[in-house]
Amino acid sequence: MLELSECESYWLQAIVVTDRLYGTQVPRFWSPRVLGAKMDLTIQIGGYRVQIDEPKNYSCLVWPLRPFDRFLASSTSDSDLHIEVTVVTPLPDLEPASLLFDSAHGCWTLCESDAGLLFESLDPKNLQPRVRASVSKDYRTVQAWILPSLEGGQVGWSPMHLFNPLIEVCLLSRVARDGGLLLHAAGLVLSKEGFVFTGPSEAGKSTISELFARQGATVLSDERVILRQQGSTFFLYGTPWVGSGQYAENGSAPMTALYRISHGAEHHGLTPLTATRAVTLLLQQAFLPHWDRNGMERTLEFLESLTARIPCQSLSFLNQPDVVEFVREHSSVLTVEST
């Protein structure tokens with residue numbers, strides 16, 4: 005009998021459907037019970053391998069949604085973040101714990117008990133609990149319970165209800181503790197150089213991503229990137245959380261420069277940022293683990309190191325193709341500004 009790897013089994017179960025958004029044929033996945041395999045989903049984001057186990061083989065709804073399909077990885081015994089999920093109704097009651105963080109009106113909360121961290125997220129449709137989880141204090145292991153859902157006439161569970169926000173919370177906490185950052189920014193690679201463009205919503209992250217993409221750049225993300233330091237080099241990583249341009253690639257590149265962007269009025273313009281000013285602006289766009297003191301301290305250390313080594317500029321730009329050449333010309337002579 006032919007033996008298949010778990011990854012190959014998933015691909016054999018793929019049903020190719022028309023993606024209305026992209027107008028292309030995109031593989032999507034249904035329950036792995038077709039081949040009798042244990043549900044084991046593994047993806048890689050920012051260099052971290054995230055593994056989800058559902059040992060009871062409960063029917064899984066459409067997965068992966070684009071662009072998560074680009075981040076699929078083979079399963080491993082030494083994942084960086086392991087989530088064991090149980091599909092159950094009703095959700096179990098969790099032990100009493102002290103509130104650490106409330107995102108907004110209880111949409112998701114994180115509490116602390118003697119045994120570890122307790123997480124709960126609500127269904128936005130009825131504001132009732134949809135996911136509960138017990139999280140280890142190092143954010144490496146998670147025991148999650150999730151309610152079944154109904155989608156397209158099929159009853160099952162949705163991995164996306166774990167990714168947003170449970171896995172994202174655990175991942176950004178791990179990244180912060182390891183000396184990294186999840187940043188609201190576009191990140192791209194052109195001629196092996198990595199550029200990061202950060203700014204608030206409507207600042208132009210997707211616009212500048214498209215302008216660079218037309219010039220041959222690989223856009224790792226137009227919405228969120230992960231920044232990490234390895235030795236004296238800083239790297240940017242793509243993530244599956246996309247902006248209006250829908251750009252997402254599972255890749256990385258060494259950073260050349262970082263820009264705080266805004267739309268210009270008459271011409272492109274660059275203004276150097278001091279390290280102090282750059283840290284202030286980056287904190288405004290960072291996804292911060294406010295619930296984790298260690299993570300916050302490491303984040304500040306990371307930003308201090310980043311702004312001391314990577315040139316940071318304020319870029320105002322017009323929606324014109326020549327901004328690509330403008331940035332490349334000036335990046336070759338950038339220097340780090342003193343505090």
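In this text, residue positions in the sequence shown follow my numbering: the first is 5, and each later residue adds one. From the three backbone atoms N, C-alpha and C, an ideal C-beta is built for every residue, glycine too.
Within 10 angstroms of the beta-carbon of Asn-254 lie 16 or more other beta-carbons, which makes it buried.
Linking Arg-74 to Leu-122 through their CA atoms gives a straight-line distance of about 30 Å. Boundaries of the alpha helix (DSSP H) around Gly-299: 297 to 313. Under the three-state reduction of DSSP, Thr-211 is assigned to helix. Beta-bridge partners assigned by DSSP to Gly-191: Val-200, Ser-225. Considered as a whole, the segment 105 to 129 harbours 112 to 116, 121 to 127 as its complete beta strand (DSSP E) runs of no fewer than 3 residues, in chain order.
Each residue's CA atom was taken as its position, placing Thr-80 and Leu-187 some 27 Å apart.
The C-alpha of Arg-228 is placed about 14 Å away from the C-alpha of Pro-169. For Ala-282, the secondary structure class from DSSP, reduced to helix, strand or coil, is helix.
When only Cα atoms are considered, Tyr-52 and Ala-180 end up about 13 Å apart.
Each residue's CA atom was taken as its position, placing Phe-199 and Gly-247 some 17 Å apart.
With fewer than 16 other Cβ atoms from the protein chains shown falling within 10 Å of its own Cβ, Leu-287 counts as exposed.
Considering only Phe-216, Ala-189, Leu-194, the residue with the shortest C-alpha distance to Ser-205 is Ala-189. Counting along the chain, Cys-174 sits inside the alpha helix (DSSP H) bounded by residues 172 to 181. For Ser-266, the enclosing beta strand (DSSP E) covers residues 256 to 267.
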